[in-house]
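Beneath this line is the structure, given in structure tokens, with notes to follow.
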């Protein structure tokens, strides 16, 4: 498996973990999406690109992330 069919359950699982933390910066979809995008490991050319998007999710960094 590869592509969006393989990545969707992983990203959804990370989103669920972030919501489960029940922190003030994790109370809506936009904030959780921002955390996932901000903490992703950038692949390919710097920043978002058409091939890798924001990169590979990093569950550890996402769960440790505290919004400034």
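Numbering (the numbering used here), first residue to last: 864 to 931. Ideal Cβ placement from N, Cα and C applies to all residues, glycine included.
Fully enclosed by the region 895-923, which beta strand (DSSP E) runs are 3 residues long or longer? none
Note the first and the last residue of the continuous alpha helix (DSSP H) segment covering residue 870. 867-883
Per DSSP, what kind of secondary structure is residue 926 in: helix, strand or coil? helix
Taking DSSP as the reference, what is the three-state secondary structure of residue 888? helix
Any contact between the region 882-890 and the region 900-915? By contact I mean 3 or more CB pairs, one from each, below 8 angstroms. no
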